[in-house]
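A quick write-up on the structure given underneath.
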Amino acid sequence: MFKVFRHTLIPALRDFLPEVLLISAGFDAHYLDPLAGTELTADGFATLTDLMLGFAEETASGRVISALEGGYSLEGVSESVVAHVERLAKEQG
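Each step along the sequence shown adds one to the number in our numbering, with nothing skipped, and position 77 is 77.
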């Protein structure tokens with residue numbers, strides 16, 4: 001998944017030159033989610049957040065809006081939200 005973000009998604013997004021990056025933060029891909037069948041951890045979501053924040057710095061002067069979408073594992077969502085928000089807050093500090 002990280003390879004797709006780095007080598008496909010982010011280069012494609014550069015073509016749009018956004019003024020702000022909107023992150024629709026869904027955590028269905030967490031390994032505890034019963035429906036997803038993927039294996040992301042909270043640390044994995046933190047890494048994806050870092051990639052998106054780096055992209056926002058390059059193209060949108062660091063402007064980011066993040067909206068919580070959800071997931072189907074309360075534990076997975078709570079762990080992932082904490083990791084995501086910590087990375088967002090780190091950018092502010």
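Glycine residues also receive a C-beta, built at the ideal position from the N, C-alpha and C atoms.
Is GLY62 helix, strand or coil when you go by DSSP? Numbered from 1 along the sequence shown, position 62 holds the residue referred to as residue 62. The answer is coil: DSSP assigns GLY62 none of H, G, I, E or B.
Decide if ASP33 is buried, meaning its Cβ has at least 16 other Cβ atoms within 10 Å, or exposed. What you label residue 33 is simply residue 33 of the sequence shown in a count that begins at 1. Buried: at least 16 other Cβ atoms inside 10 Å.
Considering only DSSP beta bridges, list what LEU22 is partnered with. Counted from its first residue, the sequence shown places residue 22 at position 22. DSSP output for LEU22 lists ILE65 as bridge partner(s).
Pull the bridge partners of HIS30 from the DSSP assignment, please. On the sequence shown, residue 30 is found 30 positions in, with the first residue counted as 1. Answer by DSSP bridge pairing, in chain order: LEU40.
Measuring only the C-alpha atoms, how far is LEU53 from GLU69? As a first step, residue 53 is located in the sequence shown; it is residue number 53 there, counting from the start. As a first step, residue 69 is located in the sequence shown; it is residue number 69 there, counting from the start. Cα to Cα, LEU53 sits roughly 18 Å from GLU69.
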